[in-house]
Amino acid sequence: MSAPVLLIAGANDPRCPAEEALQAKSKLESLGKRFEFKLYEDEGHGFLKLENKIDAYKRIARFISAHTQNTFD
1 MSAPVLLIAG ANDPRCPAEE ALQAKSKLES LGKRFEFKLY EDEGHGFLKL ENKIDAYKRI
61 ARFISAHTQN TFD
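Letter by letter, the sequence shown follows residues 1 to 73 of the UniProt record's numbering.
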């Protein structure tokens, strides 16, 4: 895998447990891969808090912009 990865997870997610996201993060670190990781401690599978939604969407836009030719204004 050569493409950078963005991992965004909720600590209280019953479908995709945070432990799995943390395992993926650890594996990417051990392989020296490029990635960004954010774990929202107070969220589940779908983000409910407006401030977390805004933060996650900004992270996604910045990540896409940084790794493609796209820019978001």
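Glycine included, every Cβ here is placed at the ideal spot set by N, Cα and C. Since the structure is predicted, the reported quantities are computational estimates derived from the model, not experimental observations.
What do you reckon, are the CB atoms on residue i and residue j nearer than 9 Å?
i: residue 8; j: residue 56; result: yes
i: residue 5; j: residue 22; result: no
i: residue 10; j: residue 47; result: yes
Between the alpha carbons of residue i and residue j, how many angstroms are there, rounded?
i: residue 18; j: residue 69; result: 31 Å
i: residue 12; j: residue 50; result: 17 Å
i: residue 54; j: residue 32; result: 29 Å
i: residue 30; j: residue 59; result: 23 Å
i: residue 41; j: residue 64; result: 24 Å
i: residue 52; j: residue 62; result: 15 Å
Please return the same chain residues whose Cβ sits closer than 7 Å to the Cβ of residue i, not counting the five positions on each side in sequence.
i: residue 1; result: 33
i: residue 24; result: 7
i: residue 39; result: 9, 11, 18, 21
Only counting the same chain, and skipping five residues up and downstream in sequence, which positions put a Cβ closer than 8 Å to that of residue i?
i: residue 14; result: 44, 45
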